[in-house]
Amino acid sequence: MTVANGRDFLAIPGPTVVPERVLSAMHRPAIDIYSGSLVATTDSCLADLKKLFRTAGDTYIYAANGHGAWEASLSNTLSRGDRILVLESGRFAHNWGEMGVLPGLDITTLEGDWRHAVDAERFEQVLREDREHKISAVLVVQIDTASGVVNDIPRLRAAMDAAGHPALLMVDCIASLATMPFEMDEWGVDLAITGSQKGLMMPPGLSFVAAGVRAKKAHASAGLRTRYWDWTMRDGPEHYMKYCGTPPEHMLFGLRCALDMILEEGLDAVIRRHELLAGTVRSAVTGWAEGGAIDFNIIEPAERANSVTTVAATGGQDCARLLAFCENQCGVKLGITIGDLYGKGFRIAHMGHVNAPMLLGVLGVVEAGLQALDWPHGPGGVQAAVNYLGEHLAD
Ligand SMILES: Cc1ncc(COP(=O)(O)O)c(C=O)c1O
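Numbering (our numbering), first residue to last: 532 to 926.
Put into C-alpha cells, the structure is as follows:
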C-alpha cells in the first residue's frame, strides 16, 4: 500500500528544491554572450553575491560544482609545497584538503570526531606550535552537511588572532550561506566559497568564490594558478573571460531570479526562516529521541546546523528500511548518511526553498515511518514541532 502518488518531495541536503520561479526564469532561448543584458546580469549577480557573503571583496562565478570552487580557492592563493591545515568536523573540510594532493600541497589535519564542532582551543594550540608560520591557509566548513555540525567561525578567527598566526582563513559556506549568519569581512574571513544547489535554491552547476584583500594579495604570488580558475583573467574587462569561455547563461538567468527571491524576502528574514524551521525539526527529533532508537548526531545543541539535521540511529535499526518507507510509501526522499556515518542514520534537509507545510509534511512522514517500522520513539515529535512553530510565530 502506498500514499506516495502526488508531488514527490526531496528532503536531501543538496540539491534542494528549485522554486518554480527559478525554473521558469531558466526556460527561455539563449541570448548573445558578448553584449547586452547578459553582461548586466553578470555584473548584478557578482554584486549581489557580495551582499550574501557580506564582503567588499571580489566575487567569482564558476561553471562548476563545489569541488570547482575548492580548486579555485587553492589554485588562486597557494604554491606547490605550501602547507594547509584542515579542520575536520565531518566530511567536507577533509575532502577540500584532498583537492590539494595532486597540486602538491602539504596537508595537515586537525582531526575531529564528526559529533562535535572544531575545538578552537586545540586549533589555537596547533597554530602556536607552528612558530615558523609554515601553515599558509586554514580550511574549515561553516556547516558540515554530513555530520550536521555548525562551526563557530568568529571563535576560530579569534584563535588565529590570539596565536598571532598569519595564515589565510578559508571557509566553505556551501551548506550554510543564506541559511545562517555569515559576515565575511566583519569576521576576518579571507576567502569563502559556496555552491548554487543548497541555500541558493538553484540546480547544481554553479559555484562561487569571494576573495578578500589578503587572499588577493596571496594571489599575486600564487604558483598554482591555472587559466580556467584564474582570478586575474576573470578580473579583466572582457565578459567572455569572466567565465573563461561561454557563460553558463541559463544558469545565470536562474541565479539572477534566485538572488532576487532572497533579496526580496530579505537576507535577515531568510535566515530567521531557516532558524525557525531548524528549531521545528529539532523539536521533533528531541521528541522521537525519547524512545531510544534515534538521537541527534551532533551532541551539543548549540552546534546543530540550521540547514540540515543528521539523525543517528543509535538503536542499531536498519535505516535503509526507514528511508525506503518514506520514499516508496510516502513520496519523501530523505538524505542518507554518508562517509563515516554511512548506514547509521538519516538526514533531514531544511534549507533553501522550504516552508512550514513542506517541513511539517516531512516530519509527519518520518514519524509515520518510525511507527510503521516499530522503532522505539517518543510519540510526540510532530506535536512538539507544531508547538514550537506555533509558539515562535505567535505575535
Ligand atoms: C559543505 C559542502 N562542501 C562541499 C561540497 C561539495 O560540493 P559539490 O558536490 O557541489 O562539489 C558539499 C556537497 O554536498 C558540501 O555539502
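Don't be surprised by glycine CBs; every beta carbon is placed ideally from N, CA and C.
Note that the structure is predicted; figures quoted are calculated from it, not measured.
Rounded distance between the beta-carbons of residue j and residue i, thought under 8 Å
i: R878; j: V839; result: 6 Å
i: L890; j: H881; result: 6 Å
i: K581; j: A741; result: 7 Å
i: L616; j: A698; result: 7 Å
i: L798; j: A706; result: Their Cβ separation, rounded to whole angstroms, is 17 Å, which puts L798 and A706 out of contact at 8 Å.
i: A624; j: V671; result: 6 Å
i: R622; j: D675; result: 6 Å
i: V896; j: V917; result: No, V896 and V917 are not in contact; Cβ-Cβ is about 15 Å, not under 8 Å.
i: V634; j: R611; result: Note on residue identity: the sequence assigns Pro, not Val, to residue 634. With a Cβ gap of about 7 Å, P634 and R611 count as contacting.
i: T639; j: A749; result: Between A749 and T639 the Cβ distance is about 18 Å, and since that is not below 8 Å, they are no contact.
i: S738; j: A595; result: 5 Å
i: T590; j: P778; result: Not a contact, Cβ separation roughly 15 Å.
Exposed unless 16 or more other CB atoms sit within 10 angstroms - verdict on residue i
i: P532; result: The question names Pro, but residue 532 in the sequence shown is Met. It counts as exposed.
i: V632; result: exposed
i: G900; result: buried
i: N886; result: exposed
i: T586; result: buried
i: T841; result: buried
i: E602; result: buried
i: G544; result: A quick correction: the sequence has Pro, not Gly, at residue 544. Classification for P544: buried.
i: T868; result: buried
i: N859; result: exposed
i: Q902; result: exposed
i: P910; result: exposed
i: G521; result: Residue 521 is absent from the model: the chain starts at 532 and stops at 926.
i: E660; result: exposed
i: H664; result: exposed
i: R559; result: exposed
i: G883; result: buried
i: L641; result: buried
i: A693; result: exposed
i: H923; result: exposed
i: G866; result: buried
i: L658; result: buried
i: S568; result: exposed
i: E717; result: exposed
i: N837; result: buried
i: A851; result: exposed
Beta-bridge partners of residue i, as assigned by DSSP
i: A964; result: Given a span of 532 to 926 for the chain in the structure shown, any question on residue 964 remains unanswerable.
i: D589; result: A742
i: I543; result: Paired residues: none, contrary to the question.
i: G726; result: S738
i: F827; result: V842
i: R614; result: D637 and I666
Collapsed DSSP secondary structure at residue i in the structure displayed
i: K864; result: strand
i: A668; result: strand
i: D675; result: strand
i: M701; result: strand
i: V548; result: coil
i: V913; result: helix
i: V681; result: strand
i: P779; result: coil
i: N886; result: coil
i: H647; result: coil
i: P768; result: coil
i: V720; result: coil
i: N536; result: coil
i: K747; result: helix
i: R803; result: helix
i: Q848; result: coil
i: R756; result: coil
i: M557; result: helix
i: N596; result: coil
i: A624; result: helix
i: G900; result: helix
i: E821; result: coil
i: F654; result: helix
i: L931; result: Nothing can be reported for residue 931: it is not among the residues displayed for the chain, which extend from 532 to 926.
i: W601; result: helix
i: V812; result: helix
i: N607; result: coil
i: K875; result: coil
Residue i at chain C interface by Cβ criterion, 8 Å
i: A651; result: Among the chains in the structure shown there is no chain C, since it carries only a single protein chain.
Between the region 690–704 and the region 713–725, are three or more C-beta pairs nearer than 8 Å?
-> yes
Given 8 Å, three or more beta-carbon pairs between the region 733–749 and the region 546–560 = yes
Three or more C-beta pairs closer than 8 Å, one from the region 823–831 and one from the region 646–653: is that the case here?
-> yes
If you pair each beta-carbon of the region 595–612 with each one of the region 800–819, do three or more pairs fall below 8 Å?
-> At 8 Å Cβ cutoff, the stretches do not touch.
Any 3 or more C-beta pairs closer than 8 Å across the region 767–784 and the region 558–573 | yes
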